[in-house]
DNA sequence: TATGAATGAGCCTTCATTCAT
DNA sequence: AATGAATGAAGGCTCATTCAT
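Residue numbers (full-length UniProt numbering), protein chains in the order written: chain R, 1 to 209; chain V, 1 to 209; chain F, 1 to 209; chain P, 1 to 209.
Structure below.
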């Protein structure tokens, strides 16, 4: 994944160490959100964190390791927020509604972080030029949607989906959520509730029997 | 838009000059598509084009002017491809189908260019950190969808749309198309026809009365 | 003066920082003195200082900030050297003699620095092509001469001077000093004492009643 | 003088060739006068001359050869203007007055050319970093003054001068003339006649017995 | 003779990274 | 655990020069 092998000896981190890393990651997120990935140099990040550049290098093996934390942290927070809400629902139709609602709410409440992740995903590459997080992260994000669709189909409340048509449906829902993010970036005063209602309607209709 | 005023005196370009510029733009597209926007330095582009770095500076005032050509050319080609096909349709429903079909076909046939534009859109910023093309380009792309939706509503074949719900619908369709692009990048052997059919189905259902 | 606003927040510099900057400025002076302003690239300066190019950028915001130090330091040193000597004199005639003597001595003892400043003055331009230091620095240098002339006239030991004829006289004295500098550059083994005596004689005669 | 040996086979130049070279030199003078030596690239000069950059390279072996013409042409014109006027005088005192007067007039009437020469003299270096024209040109310019001084001394109208005190006197006069040039650059609306009168007075007094 | 095109060296600057303290 | 200092590679750009046409 990275040029340098990640150290297998996952050092046990002290509490302070963890806190310091978290603080730096936080600053990295803010920086990316404000000036964009390309301008988010270690210098910029350090300045915002009011620490010296060296500190970052001290706590992270390299820039890459720091940047990796951003989607990791994001995914953790996202997972924690989304899943309990979905699992609290009984019907697939409700699950889908809640998936859309909770995603949009989560994005609305974590704008900086979301934006930083988007910046990263579209910028970070492996040595051979492939997009970095695309594959793995996306599967993790698509799977729950596909599961809901499958469940709904089995229960007879959704229309028929083949494996691949379920994937297209899942990708479209996912894209709609990402599209909302971009629109929110462009129009920060967007009426989130209305947008949510519309998306729910759209995907309610398009999954109905 | 740029710090340096764009020269209004569009110099008359010789045929050769035009061809050379086009060739360099082509190489820039390839380079961005392969290594990403951030890594697409003039050096990289020149290497791919097997010319010296200076040649690029000779034909373009600066990197910005070169990069600007990419979405400009893209939008021209897109417009030329999409619109006649839509206008050949009689019903809004057909128009929407053809919008989706022709977009996916166009993307499939211009993968590199599309990808390069996506990279650019998500990377290029103005001096104050705002995304560059977001606003203007997006309106140009969303408007035709909104027009189709409005038309379909007036003709009574689509459900009711308020101005803002039509916009959400349009954004969702647009997002679905962009989502296809990303998926195509990740899975180059994707069954494009099937994907197209599914998207048509999804948005047929979600716009229906 | 410069495109980038000069930071008003004069950062408190550590002793080491000051010393390093001074050392780099010193090397810049040497470099300009040896190869001329046009050839005095950061690379050249760094090579002479046996440091990497980056170090200069680390200590100075940009080349301009480094170069600005040269006349600033020069003027400080010049002022410190010249003025006490003039003020120690009682008569305007002695003041004029000492002005010439101390200037020539100062130049003789700071050949490189003087030369570097001359190079800068005749090379540095503002964006609109005007010579940079010409105006401001020159007034600061001419004024003391004009004051001596005025004083001598009031005391009746110098001939009459109008405001503008005093200026021509001052300019001529200043030019003679600068001319000495150039001659010293061309003939490093010049007899400075004799040259001084002659200049004193010339301007003694030409100011006499 | 130059890195590349000047071709010994001084090709006989056609009239047209001479005219073209003269035109280019003229443009080079204008360019230097307006934007300064450092900014006077072949591109700039070519643009002003409304010819292609290649033309310059075609007519001059390299930039250096072009630039060399500027002081050469200047010296020719200067010589042609100054000497007949001096030789028309009978007494050394008159000669000195006319030397100053005609120099200032010449400078006033050839501002651009004079300024371009100053820029060049202070910028052009040989490979070893020495100022280029300093030596040779200066002797040619100082000698006539020294001759006047010697003559005046022999005729008993000037005070005693040793060889080296005559040189200092000559240098001072020369410096005064150069100082006038700089002042003229800074204050284009200078009263040239008054300045001339003052200089004549100054050097009349300082050479008098 | 003149041109447009191309080259390649050099410039200033930014930045991730290293290291002694 | 943190810092300031230094490095060196790479970036975009300018420019004198070369060359085929």
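For each residue, glycine too, the CB sits at the ideal point set by N, CA and C.
For residue 46 of chain F, the enclosing alpha helix (DSSP H) begins and ends at 42 to 49. Judged by DSSP secondary structure, residue 162 of chain F falls outside any alpha helix (DSSP H); it is assigned neither H nor E. For residue 199 of chain P, the neighbours in chain F by C-beta distance under 8 Å run, in chain order, 168, 172.
At a cut-off of 8 Å between beta carbons, residue 85 of chain R makes no contact with chain V. Pairing residue 110 of chain P with residue 82 of chain P gives a Cβ-Cβ distance that is not under 8 Å. With a beta-carbon spacing of about 11 Å, residue 209 of chain P and residue 161 of chain P fall beyond the 8 Å limit used to define contacts. Of the candidates F:87, F:172, F:199, F:16, the residue whose Cα lies closest to the Cα of residue 142 of chain F is F:172. Residues of the stretch 56 to 68 of chain V with a Cβ closer than 7 Å to any Cβ of chain R: none. Annotation for residue 117 of chain F: 70, 71, 74 place their beta carbon closer than 7 Å to its own, counting only its chain and skipping 5 residues before and after.
A straight line joining the alpha-carbon of residue 200 of chain F with that of residue 206 of chain F spans about 10 Å. Under DSSP, residue 76 of chain R forms no beta bridge with any residue.
Per DSSP, reduced to three states, the secondary structure at residue 208 of chain P is strand. Here the stretch 23 to 36 of chain V lies against the stretch 47 to 54 of chain V, with 3 or more beta-carbon pairs under 8 Å apart. If you ignore the 5 residues before and after residue 78 of chain P, its C-beta comes within less than 7 Å of the C-beta of 106, all in its own chain and listed in chain order. Taking a contact to require three or more Cβ pairs closer than 8 Å, the stretch 177 to 189 of chain F and the stretch 82 to 94 of chain F do not qualify as touching. Rounded to the nearest angstrom, the Cβ distance from residue 76 of chain P to residue 152 of chain P is 27 Å, too far for a contact under 8 Å. Per DSSP, the unbroken alpha helix (DSSP H) holding residue 33 of chain V starts and ends at 15 to 35. One thing to note: residue 24 of chain P has its Cβ within 8 Å of the Cβ of residue 59 of chain P. In the assembly as shown, residue 80 of chain F is an exposed residue. Its beta-carbon has fewer than 16 other beta-carbons within 10 Å. Within the same chain, and ignoring the five residues on either side of residue 98 of chain V in sequence, the residues whose Cβ sits closer than 6 Å to its Cβ are 85, 86, 89.
Using beta-carbon distances, residue 38 of chain R counts as an interface residue toward chain V, with a partner under 8 Å. Beyond the five residues adjoining it in sequence on each side, residue 36 of chain R comes within less than 7 Å, by CB distance, of 119 in the same chain, given in chain order. Residue-level contact by beta carbon holds for residue 202 of chain R and chain V, with a gap shorter than 8 Å. With fewer than 16 other Cβ atoms inside 10 Å of its own Cβ, residue 139 of chain F counts as exposed. When only Cα atoms are considered, residue 154 of chain V and residue 190 of chain V end up about 36 Å apart. The beta carbons of residue 53 of chain F and residue 42 of chain F sit closer together than 8 Å. Residue contact with chain V for residue 125 of chain R: present (Cβ-Cβ distance below 8 Å to some residue of chain V). A Cβ-Cβ distance of about 6 Å is found for the pair residue 166 of chain P and residue 150 of chain P, placing them in contact under the 8 Å criterion.
Between residue 123 of chain V and residue 19 of chain V the beta-carbon gap is near 28 Å, outside 8 Å, which marks them as no contact. Collapsing the DSSP output to three states places residue 175 of chain P in a helix.
Rounded to the nearest whole angstrom, the C-alpha separation of residue 148 of chain R and residue 14 of chain V is 59 Å.
Residue 206 of chain P belongs to the set of residues whose beta carbon lies under 8 Å from a beta carbon in chain F. Within chain V, the residues whose beta carbon sits less than 7 Å from that of residue 195 of chain R are 168, listed in sequence order.
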